[in-house]
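Heads up, the sequence shown is in full-length UniProt numbering, so the first residue is 1 and it goes up one at a time. No residue lacks a Cβ here, since even glycine has one placed at the ideal position from N, Cα and C. Nothing here was measured: the structure is a model prediction, and the numbers come from that model.
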Amino acid sequence: MSTASAPDRFNLRAFLPGYFALAVIWGASFLFIKVGVRELHPLYLSLFRIGTGAATLLVVLAVMRVRLPRDPKLWAHLSVSGAIGVALPFTLFGFGEERVSSVLAGIWNATTPLIALPLAVFAFRTERLTTRGAVGVGIGFAGVLTVLGVWQGVGGSHLTGQLMCFGAAACYGVGIPYTKRFVAGRSESGVALSAAQLLTATVQLAIVAPLLVGAPPAPTSLSLDVIGSVLALGALGTGLAFVINMRNIRLAGASTASTVTYLIPIAATVIGVLALDERLSWYQPVGALIVLAGVAVSQGVPRRRKRPVSRATEPIRQAARQASY
């Protein structure tokens, strides 16, 4: 649903439970990744997570009696977006969280919209860059430098982990405009397209993971915490969350639903601190606020009422809706 087709009035009481549930589910995903990489290689964590998510959406499709796409060309594009927008970023977050906290990973995830906009403008040429968008990206970049604490000097495995998380966000930034250019506008349902994308990513990781790291661990060798984390990541964070997000969009419109991206790093921080006793340096949450301010500016928030929404903000909203699922 585009902003233009968003409802003028909506039932706030019906919208808010799903809205906050989505923020918690996607914010908790970074906690589950942190637990999962304790016993699983990041490649296998991503494989099991994506496979579970694909199975969940296939069940949803069966209930809805909706078929998967049949166009071979579309499947080729979904294979590319599945690799860039799902398999690779999920794995990079896993590698990153072997070195940094789940809270930091959640903060880095918030940079996705800032990466999506310049790529959509200069690489894919699907959008135009406005002054507001450029200012927002500049503010966000200042926030990235603040999160890194560059004035202290950077280096070591902690920096490597942060760069891996930033690389995951960059993958989302590439995947979103790619999907917009080659997949958006198709007649197939969003659930069918997402299920197909997850299936392609599952196949890719099922081939790559054994070649790079050997056979997967036996399920009996994994703790209940890790098994539960994988199921939560797949069924909730990669499956059910998509259905909830689609409902939120129908209730309130894409623009309002996309603001959940502002709550995800907050949820990730609260969950990481309470559940894992993680701690942050003062400049990291400050940098996160600067990043979110940059995202808000680039999206046109706040904006004057009745003012047309710039086309340059659309990939940002798509990134906000899809980057964390």
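- Of the residues assessed, isoleucine 207 falls on the exposed side of the cut-off, its CB having fewer than 16 other CB atoms within 10 angstroms.
- Distance from the CA of valine 150 to the CA of leucine 104, rounded to the nearest whole angstrom, comes to 15 Å.
- For isoleucine 25, the uninterrupted alpha helix (DSSP H) segment begins and ends at 12-36.
- Contact between leucine 233 and isoleucine 33 is confirmed by a C-beta separation of about 7 Å, below the 8 Å threshold.
- When secondary structure is reduced to three states using DSSP, proline 210 falls in the helix class.
- Looking only at Val135, Leu119 and Thr91, the smallest Cα-Cα distance to phenylalanine 30 is reached by Thr91.
- Distance from the Cα of leucine 61 is smallest, within the candidate group Phe95, Gly214, Glu127 and Ala196, for Ala196.
- Excluding its 5 nearest sequence neighbours in each direction, valine 24 has C-beta neighbours in its own chain below 7 Å: Ala267, listed in chain order.
- Going by DSSP, histidine 158 is part of the alpha helix (DSSP H) stretching over 156-182.
- Closest by C-alpha distance to tryptophan 282, out of Ile264, Thr238, Leu148 and Ser229, is Leu148.
- In the DSSP assignment, serine 298 falls within the unbroken alpha helix (DSSP H) covering 283-299.
- Per DSSP, reduced to three states, the secondary structure at arginine 70 is coil, with no helix or strand assignment.
- Separation of leucine 68 and leucine 193 (C-alpha to C-alpha, rounded to the nearest whole angstrom) is 7 Å.
- For methionine 164 against glycine 272, the beta-carbon gap comes to about 17 Å, at or over 8 Å, which does not count as contact.
- Contact between alanine 54 and isoleucine 290 does not hold, since the beta-carbon distance rounds to 36 Å and is not under 8 Å.
- Arginine 49 is classed as buried because its beta carbon has at least 16 other beta carbons within 10 Å across all chains shown.
- In the displayed model, glycine 185 falls within coil according to three-state DSSP, outside both helix and strand.
- For leucine 78, same chain residues with a beta-carbon under 6 Å away, outside a window of 5 residues either side, are Ala196, Gln197 and Thr200 in chain order.
- Judged by DSSP in its simplified three-state form, serine 223 adopts coil rather than helix or strand.
- When DSSP states are grouped into helix, strand and coil, alanine 134 belongs to the helix group.
- Counted as a single uninterrupted DSSP element, the alpha helix (DSSP H) harbouring arginine 250 occupies residues 241-252.
- For a cut-off of 8 Å, the C-beta gap from serine 46 to glycine 94 is around 6 Å, short enough to register as a contact.
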